[in-house]
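Engineer:
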Amino acid sequence: MTKETNSTRSTRRSFLKRGALLAAPLAAAVPAAVIADDGLKARLARLEDEAAIRKVHHAWLRQVNSMQTSMKTVNAGTGDAATPLLADSQGAALDRTVRSITADHAGEPDAIEVAADGTRAIGQFQCAVEVENPIAQDCTLARMAHAQGGGFVRQTERRVLKVEYVKNGGSWAIAKAEFAPI
Amino acid sequence: MPGTPYPKEQMHRIVYTKLSEQQIADKLSAVSGPTSVSPLADVFAGKSIRIVTDKGPALAYTFKGTKRLSVAENGAGAVETGYGALTQGSLAFFTHMIPNTQRGYAVVVDQDTNLATVFELWFSGYEDKREVQREIYYGYVEQSGQEAPKNRHVVTNRVEGKGFYWKQDNGAETLEFYPSAAYSHFVELSRLGGELGFCGPSDYIKIDENRYIYTRTECEFSGTFTAYVMDLNRIEQVGMRLGFNADDALEYYVFRGKGEWLGQLAQFEKFGDESGNPVPAAAQGQTPAKGARRVYRPLKTMAKMTPAQVDAVCAKHTSAFQPRAIAPGPNAPAASMAGNLGPNTDWLAGKSFTLRYDHSPAMEYRFDDAEKLNWRKEGGSNWTKAPYRAYESSPGVILFGHLLEGEPNHDGHSIVADFDQGLVTCFDGFLNTPYFANEAGVKIHFGVIEMEGLIPPKYRRHVLTDEMVGRAVSQNYAPGLTSMHLYSTPHSLSWIIFTGTDAGGLEWSGPASYVKIRNGLYFMYWLEEACNGTLGTILVNLRTMRDVGIGYNCGENGLNMSAMGAHERLAGQFDVRRFYQVKSDGGVV
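If you read the sequences in order, they're chains A and B.
The first sequence begins at -10 in this note's numbering and counts up one residue at a time.
The second sequence begins at 15 in this note's numbering and counts up one residue at a time.
1. Put residue 605 of chain B into one of helix, strand or coil per three-state DSSP.
2. Go ahead and label residue 29 of chain B buried or exposed: buried means 16 or more other beta carbons lie within 10 angstroms of its beta carbon, across all protein chains shown.
3. Count the other C-beta atoms from every protein chain shown that fall within 10 angstroms of the C-beta of residue 439 of chain B, then say buried if there are 16 or more, exposed otherwise.
4. Please go through the segment 262 to 338 of chain B and give each complete alpha helix (DSSP H) segment of 4 or more residues, from N-terminal end onward.
5. Which two residues bound the contiguous beta strand (DSSP E) that contains residue 45 of chain B?
6. Given that residue 130 of chain A touches chain B, what residues does it touch there, using C-beta distances under 8 angstroms?
7. According to DSSP, which residues form a beta bridge with residue 106 of chain B?
8. Could one say the Cβ of residue 80 of chain B lies closer than 8 angstroms to chain A's Cβ atoms, at least one of them?
9. Verify the CB distance criterion: does residue 124 of chain A have a CB-CB separation below 8 angstroms to chain B?
10. Under 8 angstroms Cβ to Cβ from residue 64 of chain B, same chain only, skipping five residues before and after it: list those, please.
11. Which residues of the segment 133 to 158 of chain A have a Cβ closer than 9 angstroms to any Cβ of chain B? Give them in chain order.
12. Going by C-alpha to C-alpha distance, which of A:98, A:110 and A:123 sits closest to residue 166 of chain A?
13. Taking its Cβ as the centre, do 16 or more other Cβ atoms sit within 10 Å of residue 477 of chain B, making it buried, or is it exposed?
14. If contacts are defined as beta-carbon pairs under 8 angstroms, then residue 189 of chain B and residue 585 of chain B qualify, I think. What distance do you get, rounded to the angstrom?
15. Under three-state DSSP, which class holds residue 594 of chain B?
16. Along chain A, in chain order, which residues have C-beta atoms closer than 7 angstroms to that of residue 542 of chain B?
17. So which residues on chain A does residue 545 of chain B lean against when the C-beta distance must stay under 8 angstroms?
18. Quick check for students: name the residue ranges of the beta strand (DSSP E) that lie wholly in the segment 143 to 219 of chain B, counting only runs of 3 or more.
19. Residue 321 of chain B to residue 451 of chain B, Cα distance in whole Å?
20. For residue 402 of chain B, count neighbouring Cβ atoms within 10 angstroms of its own Cβ and tell me buried if that reaches 16, exposed if not.
21. Using Cβ-Cβ distances below 7 angstroms, what residues of the segment 302 to 327 of chain B are close to chain A?
22. Are residue 142 of chain A and residue 171 of chain A close, meaning C-beta to C-beta below 8 angstroms?
23. Mapping DSSP to helix, strand and coil, what is residue 46 of chain A?
24. If you draw a straight line from the C-alpha of residue 23 of chain B to the C-alpha of residue 456 of chain B, how long is it?
25. For the alpha helix (DSSP H) that contains residue 129 of chain A, what are its first and last residues?
26. In chain order, which alpha helix (DSSP H) runs of at least 4 residues are fully inside the segment 535 to 602 of chain B?
27. Since I believe residue 120 of chain B is in contact with residue 153 of chain B (beta carbons under 8 angstroms), could you give me their beta-carbon distance rounded to a whole number of angstroms?
28. Could you check the C-alpha separation between residue 294 of chain B and residue 84 of chain B for me, to the nearest Å?
29. Is it a yes or a no for the segment 499 to 507 of chain B touching the segment 281 to 291 of chain B, going by three-plus beta-carbon pairs under 8 angstroms?
30. Once the 5 residues before and after residue 399 of chain B are set aside, which same chain residues still bring their CB inside 7 angstroms of it?
31. Any idea if residue 229 of chain B is buried or exposed, counting beta-carbon neighbours within 10 angstroms, 16 or more meaning buried?
32. Closer than 9 angstroms by beta-carbon distance: list the chain A residues that pair up with residue 514 of chain B, in chain order.
33. Cα-Cα, which of B:410, B:418, B:352 and B:362 is closest to residue 377 of chain B?
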């Protein structure tokens, strides 16, 4: 639970940080008084999309980190149980060796790019991924390790989490999630 | 004819009767209460107490002397039964059964704090009905007009690493080691002659910094339950034993004992971690069933094969130093016990020599390269090619192993050859053993190396030693796979598996032997009898704190010889060698 909290806070900080970065050039380049209504609406829509995407993303991370359910059936945690987090269960399913994903505080800020038509988005998040691999049960010691609830090796690696989002029926969901080297 | 202290069968070889529920009930009905050699305590005589537990029963007791009590469970009607109590300072230990049931209780009360720990005990709760089950409840003795105490006795790892010699008032002598926070290891000196040590799942409960409660259930054996309170400073115990022995007779008694401190092994948990129960029965967030615990049941799960089946599987699949066929899953670490093996040596490549054993046929060798050798028994005409691996543990000391194709018992040799001394020791593993044909047996061959330019000694040999006895050495074979050996007797060792928090977890043991190669260099084997039949052999180098070894195993997947290697740490030593001296008047101690 601690990791969830940290992750959420971290990502929220990153979001604010990125929001500030995005907002700064706009504010500097164009006086507020002359921004057209259409521009304001588009920007507002984009910010709302980003916020909705982050909500989906955080809920998904909570599910991944709790590992209470299969990645394929995740649909809780958004406050709207009827809204699935995953648009494509196969594409968004993570390797079962993944035990947790936490924000990499030393990494680049999170990035979410919403497509111009507002139906798709891509997110990139530098993170620390904890993976767990079972030890082969090829000897007595390994079998005993499994028998006592262990028998695996955990290690943490820095990765970039690349996530594709899709908007269906007004709600964002995850279409694909994968890791790439930093 | 003088008797010996040794049993006809060791515990892991006894075929304990699968007692039926009715047989157990009949045997229990004949017993009124626990027996005791020591005078029973009258600490509760004439008193009534009510014990309240947090997630368990409320027990209202009225004690009518030192042998009879009435008990009411959870406000139900009281029943009268026999009991026995013993005290140790402020601690009172008593036990009783519930008439016409297979249940009973063992209770520890601290009269200073009024805290109580209650063990509910029962038979017929597992498929092997003679195995005593237990559930632990923490609570207190209700005091009129007083609030319930907030503290409780608590499971702990504070006993981990300790070891004691105990002598009970009935004469039973044991060495008891607690190298795990979930299991314990015990050597029955008086009952079984102290040849081998055995293991059982255990509970460790802290009363205060000086006094602890310990339990052990002899799962996979008789199923007998032992519990006692021990004072670590005074080295005194009071407790009980409940179960059916090898003759199916009920043993139900309380005992008082005194002991000797044998030493302390290192603990490997993080500093500050004093938590107990490192291998909980249920996953985090789940509630275990009543009495549930993690029990290692190797005999139940091992393949048990006939000689014909062994011959067939060996003919079908025999491999040496090949990757295992078991699929570990994607990205899984490689062969578990070879992670810290290191490279094999080509020191033997191109060499030829004869290993002349004192009481076994000499073996002639020609080594093609670092992985292929040719062997034949002296006098034979044909060479047999075999894969081998060799490891130079110490300069001039080579461990190598190979299978002996064509031998009727599918032998495999694990050999330490000391080319500086011209000495050799061979652990000759073989199959078709009496209990299960796929279970490895071993013969030890001592001898010399005959090789051009090397003059071996005439009389000197490597020797069996007890120098390792009492030591504990941890082995890290690979990430995530760390164990510890406890060399508890001259003829057996125990292995402990560490948990993710580096607490000692499951534990088991088997026959073993130790050969001294040089100072600080020991060649040893252990047999995983009634377990999975493996013969493990390792060459332990206490200077480099590394071991290299050869494993020999036959199961349903075939016959396999493999190499292993570990980084080691000394974990301490118990002062136990003196207990294994054979007395002139028979027995040990």
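Glycine included, every Cβ here is placed at the ideal spot set by N, Cα and C.
Structural biologist: So, from the data block:
1. Because chain B is modelled from 15 through 603, residue 605 of chain B falls outside the range shown and cannot be assessed.
2. The residue given as residue 29 of chain B occupies position 15 in the second sequence. Residue 29 of chain B should be labelled exposed.
3. Counted from its first residue, the second sequence places residue 439 of chain B at position 425. Residue 439 of chain B comes out buried.
4. 312 to 315 and 321 to 330
5. Numbered from its first residue, the second sequence carries residue 45 of chain B at position 31. Unbroken run through residue 45 of chain B: none, as it is neither H nor E.
6. Here residue 130 of chain A refers to the residue found at position 141 of the first sequence. Within 8 angstroms Cβ-Cβ: 350, 351, 491, 495, 497, 509 and 511.
7. The residue given as residue 106 of chain B occupies position 92 in the second sequence. Bridge partners of residue 106 of chain B: B:101 and B:123.
8. Position 66 of the second sequence, counted from the first residue, corresponds to residue 80 of chain B. No, residue 80 of chain B lies away from the interface with chain A (no Cβ there is under 8 angstroms from its Cβ).
9. Your numbering for residue 124 of chain A matches position 135 in the first sequence. Yes, residue 124 of chain A lies at the interface with chain B (some Cβ there is under 8 angstroms from its Cβ).
10. Reading the second sequence from its first residue, position 50 is the one you call residue 64 of chain B. Correct list, in chain order: 72, 73, 74, 75, 155 and 156.
11. Within the segment 133 to 158 of chain A, the residues whose Cβ lies closer than 9 angstroms to any Cβ of chain B are, in chain order, 133, 134, 136, 137, 138, 139, 140, 141, 142, 143 and 144.
12. In the first sequence, the residue the question calls residue 166 of chain A occupies position 177. Nearest option by C-alpha distance: A:110.
13. Sequence index remark: in the second sequence, residue 477 of chain B carries index 463 (1-based). The residue is exposed, with fewer than 16 neighbouring Cβ atoms inside 10 Å.
14. Numbered from 1 along the second sequence, position 175 holds the residue referred to as residue 189 of chain B. Numbered from 1 along the second sequence, position 571 holds the residue referred to as residue 585 of chain B. Rounded, the Cβ-Cβ distance is 17 angstroms, inconsistent with contact.
15. Walking along the second sequence from the start, residue 594 of chain B turns up at place 580. The answer is helix: DSSP assigns residue 594 of chain B an H, G or I state.
16. By one-based count along the second sequence, residue 542 of chain B stands at place 528. Correct list: 129.
17. Position 531 of the second sequence, counting from 1, holds the residue named residue 545 of chain B. Correct list: 129.
18. At a cut-off of 3 residues, the continuous stretches assigned as beta strand (DSSP E) that sit fully inside the segment 143 to 219 of chain B are 147 to 155, 176 to 182, 187 to 192 and 197 to 202.
19. The sequence position of residue 321 of chain B within the second sequence is 307, counting from 1. The sequence position of residue 451 of chain B within the second sequence is 437, counting from 1. Those two C-alpha atoms are separated by around 5 angstroms.
20. Taking the first residue of the second sequence as position 1, residue 402 of chain B is located at position 388. Burial state of residue 402 of chain B is buried, judged by a 10 Å Cβ sphere holding 16 or more other Cβ atoms.
21. 308 and 310
22. Walking along the first sequence from the start, residue 142 of chain A turns up at place 153. Walking along the first sequence from the start, residue 171 of chain A turns up at place 182. Contact flag unset, no.
23. Start at 1 with the first residue of the first sequence, and residue 46 of chain A comes out as number 57. Correct three-state label for residue 46 of chain A: helix.
24. One-based indexing of the second sequence puts residue 23 of chain B at position 9. One-based indexing of the second sequence puts residue 456 of chain B at position 442. Residue 23 of chain B and residue 456 of chain B: Cα-Cα distance of roughly 18 angstroms.
25. Within the first sequence, the letter at position 140 stands for residue 129 of chain A. Element bounds for residue 129 of chain A: 129 to 136.
26. As far as the segment 535 to 602 of chain B is concerned, it has no whole alpha helix (DSSP H) run of at least 4 residues.
27. By one-based count along the second sequence, residue 153 of chain B stands at place 139. By one-based count along the second sequence, residue 120 of chain B stands at place 106. Going by Cβ atoms, the distance from residue 153 of chain B to residue 120 of chain B rounds to 14 angstroms, so no, they are not a contact pair.
28. Within the second sequence, numbered from 1, the residue matching residue 294 of chain B stands at position 280. Within the second sequence, numbered from 1, the residue matching residue 84 of chain B stands at position 70. Distance between the alpha carbons of residue 294 of chain B and residue 84 of chain B: 34 angstroms.
29. Too few Cβ pairs lie closer than 8 angstroms, so no.
30. Your numbering for residue 399 of chain B matches position 385 in the second sequence. For residue 399 of chain B, where only same-chain residues beyond five positions count, the Cβ hits under 7 angstroms are 386 and 388.
31. Looking up residue 229 of chain B in the second sequence gives position 215. Buried.
32. Residue mapping note: residue 514 of chain B aligns to position 500 of the second sequence, counting from 1. Per Cβ cutoff of 9 angstroms: 138, 139, 141 and 143.
33. As a working note, residue 377 of chain B is residue 363 in the second sequence. Taking only the C-alpha atoms, the option nearest residue 377 of chain B is B:418.
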